[in-house]
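Chemist: Sharing a structure here in structure tokens format.
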Amino acid sequence: PEFENNKRQIPWYPNGFGWEVSLSKKDLRKSTSLRVFHKWIMNETEVGNIIRQEAVSMIPPLLLDVQSHHSVLDMCAAPGSKTSQLIEFLHQNSVAPSGFVLANDNNEGRCFLLSHQLKRLRSPNVAITNHDAQNFPKLVTKDENGQLHTLLFDRILCDVPCSGDGTLRKAADIWRKWEPYLGNNLHKLQVKIAMKGARLLKLGGRMVYSTCSFNPIENEAVVAEILKQSNGGLELIDVSSSLPELKRVKGLLTWKYYESYKKSYSSWEEIPQNLRERDSHFLPSFFPPPLEIAKKYGLEKCMRILPHHQNTGGFFIAVFEKKQWTQYEPKFQPYQDKSLAPQQNISTEEDTAIEAITEIMTRELNNLTKETTKQEVQTQAQTKESEKELEKELEKELEKELEKELEKELEKE
């Protein structure tokens with residue numbers, strides 16, 4: 027009865043696969059009536075049949091719309107609950123999917139935790155890497171003709187490091203420690219991670235940016251800077267019709283930057299010039315773009331999940347689609363009118379450099395292969411020649427021995 031009264035199916039999770047039990051870990055461990063249920067949860071988790079996580083944390087993988095043929099990158103994957111979902115979706119409609127999931131985390135210890143989590147699923151279509159997400163390397167792959175190409179991804183999840191104030195219902199310490207400026211120092215890192223993801227995304231691919239924070243400096247401000255830097259290459263997708271039973275609110279068009287409880291700024295121009303020059307902490311991207319640009323970007327297409335709407339944690343989600351290759355704008359600069367007119371069909375400087383490097387690498391690799399093959403042929407020829415000479419010497423020695431034996435036999439006769 028205690029379990030029956032506290033279980034609930036999550037109404038917005040597809041196919042009825044999401045359930046929650048409103049009991050704490052302490053209740054599960056101490057209650058004798060729930061002992062069997064607790065043991066069952068532990069066993070099913072260990073064999074990979076169920077995944078335990080915060081309900082709202084399951085939303086970003088759902089909005090990625092992963093298919094069995096997709097190449098998927100999870101840039102900040104540990105501890106691995108969202109990655110487990112991605113792997114599950116990869117196998118959902120195919121026993122042997124052609125796609126794969128690449129799970130990355132910058133912390134070696136967390137990568138071990140990630141490995142422990144993912145091995146329960148026993149999927150051959152997953153690999154784990156240990157890189158700083160903002161500097162994630164360009165990977166090179168070979169096509170059917172042996173030509174080298176930069177590996178790009180169909181789907182990318184950027185669940186970035188954040189202040190985590192959206193978890194205040196389960197992390198009581200946040201109420202005591204919270205300050206309005208917390209998380210502002212993460213803004214630059216969050217933008218860099220997302221922009222690296224944008225460069226690794228295929229044309230027509232989808233990227234989800236998410237945090238468990240309420241702070242607009244970590245959320246809408248990051249999204250606006252991503253759209254500004256991508257210069258028309260990325261667009262926000264309207265996912266308001268996805269997960270129809272999920273209660274959400276639209277993204278913000280305006281916000282303030284709070285230096286403290288008492289001091290706030292509404293725009294970059296409000297910050298005194300001497301303070302801008304003295305303190306590099308201030309960035310133009312902290313502030314909302316002009317209202318016309320904010321509407322053009324469609325910042326309202328972002329999604330905010332508030333705890334009191336459906337008894338969950340707080341969360342922020344933005345879904346991007348790559349529409350074209352563009353020349354990226356300079357980083358963290360004030361808004362200018364030219365940002366409203368994206369350039370068309372221009373490769374990025376980085377992509378151009380990568381293509382040039384790849385071409386050089388391919389040429390050098392081909393030359394090296396030819397040279398190696400030539401040396402191998404020469405070595406094989408020399409080896410064969412040496413073997414022939416050795417055979418001749420052995421034959422001569424054998425003939426001499428036979429002649430001596432024959433002479434001895436003749437003498438005996």
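In terms of our numbering, the sequence shown opens at residue 27 and continues consecutively. The C-beta atom is built at its ideal place from N, Cα and C for all residues, glycine as well.
Under DSSP, the beta strand (DSSP E) around R181 begins and ends at which residues?
Modeler: From DSSP, the beta strand (DSSP E) with R181 extends over 179–185.
Chemist: Tell me which residue opens and which closes the beta strand (DSSP E) that R232 is part of.
Modeler: Where R232 is concerned, the enclosing beta strand (DSSP E) stretches over 227–237.
Chemist: Fully enclosed by the stretch 108–185, which alpha helix (DSSP H) runs are 4 residues long or longer?
Modeler: Counting only runs of 4 or more, we get 134–144.
Chemist: How far does the alpha helix (DSSP H) with E70 in it reach, from first residue to last?
Modeler: Residues 61–72.
Chemist: Distance check for H142 and G74, CA to CA, integer angstroms please.
Modeler: Distance between the alpha carbons of G74 and H142: 11 Å.
Chemist: Is D53 helix, strand or coil when you go by DSSP?
Modeler: Of the three classes helix, strand and coil, the one that applies to D53 here is helix, per DSSP.
Chemist: Please state the DSSP three-state secondary structure of Q35.
Modeler: Strand at Q35.
Chemist: What do you get for M68, buried or exposed, if any count of 16 or more other CB atoms within 10 angstroms of its CB means buried?
Modeler: Counting Cβ neighbours within 10 Å, M68 comes out exposed, since fewer than 16 surround it.
Chemist: S311 by DSSP, collapsed to three states: which one?
Modeler: DSSP places S311 in helix when its eight states are reduced to three.
Chemist: Does the structure place the stretch 144–161 close enough to the stretch 117–130 that three or more beta carbon pairs sit under 8 Å?
Modeler: Touching, per the Cβ criterion.
Chemist: Just curious, the alpha helix (DSSP H) that D100 is in, first and last residue?
Modeler: From DSSP, D100 is part of no alpha helix (DSSP H) but of the beta strand (DSSP E) over 97–100.
Chemist: What number of angstroms, rounded off, separates the C-alpha of P360 from the C-alpha of P314?
Modeler: So the alpha carbons of these two residues sit roughly 10 Å apart.
Chemist: Cβ-heavy atom distance between S256 and the ligand PLP below 7 Å?
Modeler: With respect to the ligand PLP, the structure offers nothing, as it holds no ligand at all.
Chemist: From the DSSP output, which residues share a beta bridge with R25?
Modeler: Because the chain spans 27 through 439 in this model, residue 25 falls outside it and cannot be assessed.
Chemist: For Q160, which residues in the same chain have their Cβ closer than 7 Å to its Cβ, ignoring the five residues on either side in sequence?
Modeler: Only L215, K218, I219, K222 meet the Cβ criterion.
Chemist: For L260, write down the residues that DSSP places opposite it in a beta bridge.
Modeler: DSSP lists K348 as partners of L260.
Chemist: Using DSSP's beta-bridge definition, name the partner residues of Y361.
Modeler: BP columns for Y361 are empty, so no partner.
Chemist: Between K348 and L227, which are expected to be in contact by the criterion C-beta below 8 Å, what is the C-beta distance as a whole number of angstroms?
Modeler: Confirmed, Cβ separation roughly 5 Å.
Chemist: For F115, is the classification buried or exposed, using 16 other Cβ atoms within 10 angstroms of its Cβ as the cut-off for buried?
Modeler: Classification for F115: buried.
Chemist: Let me know the secondary structure DSSP gives Y287 once reduced to three states.
Modeler: Coil at Y287, not helix or strand.
Chemist: Have a look at the DSSP bridge pairing and note the partners of E46.
Modeler: E46 pairs with R34.
Chemist: Hey, V249 and V345: beta-carbon distance below 8 Å or not?
Modeler: For V249 and V345, no; Cβs fall outside 8 Å.
Chemist: Quick check on the DSSP output: the alpha helix (DSSP H) that includes Y323 runs from which residue to which?
Modeler: Taken as a continuous stretch (DSSP letters only), the alpha helix (DSSP H) holding Y323 covers 317–323.
Chemist: Between the Cα of W204 and those of H213, G42, S286, spot the shortest distance and give me the residue it belongs to.
Modeler: Selected option, being the one with the closest Cα: S286.
Chemist: Does the beta-carbon distance from V340 to F240 come in below 8 Å?
Modeler: Correcting the residue identity first, residue 340 is Gly in this sequence and not Val. For G340 and F240, yes; Cβs fall inside 8 Å.
Chemist: Return the residue from the list L279, F312, Y323 that minimises the CA-CA distance to R330.
Modeler: For R330, the nearest C-alpha among the options comes from L279.
Chemist: How long is the line joining the alpha carbons of E303 and S256, rounded to whole angstroms?
Modeler: Using only the alpha carbons, I get a separation of about 27 Å.
Chemist: Should N210 and I243 be called a contact, given that it needs their Cβ atoms to be closer than 8 Å?
Modeler: Yes. Within cutoff.
Chemist: Return the residue from the list N31, E30, F179, N41 that minimises the CA-CA distance to P270.
Modeler: It is N41.
Chemist: So, C137 versus T193, is the Cβ gap smaller than 8 Å?
Modeler: Their beta carbons are not under 8 Å apart, which means C137 does not touch T193 by this criterion.
Chemist: With distances taken from CA atoms, which of V121, N133, S83, G172 is nearest S149?
Modeler: Nearest of V121, N133, S83, G172 to S149, Cα basis: V121.
Chemist: May I have the straight-line CA-CA distance separating P368 from G258, to the nearest angstrom?
Modeler: The predicted position of P368 is uncertain, since its pLDDT is 39 and thus under 50; no value can be drawn from it.
Chemist: Buried or exposed: Q111, going by 16 or more other Cβ atoms within 10 Å of its Cβ?
Modeler: By the 10 Å Cβ count, Q111 comes out buried.
Chemist: Quick one: measure Cβ to Cβ for G44 and A81, integer angstroms, because I've assumed they're closer than 8 Å.
Modeler: Yes, they are in contact, since the Cβ atoms of G44 and A81 sit about 7 Å apart, within 8 Å.
Chemist: For V6, name the three-state secondary structure that DSSP assigns.
Modeler: As displayed, the chain neither begins before 27 nor continues past 439, which places residue 6 out of reach and without an answer.
Chemist: Got a sec? Which residues, its chain only, sit under 7 Å from I36 by beta carbon, not counting five neighbours each side?
Modeler: Taken in chain order, the residues that qualify are G44, W45, E46, A81.
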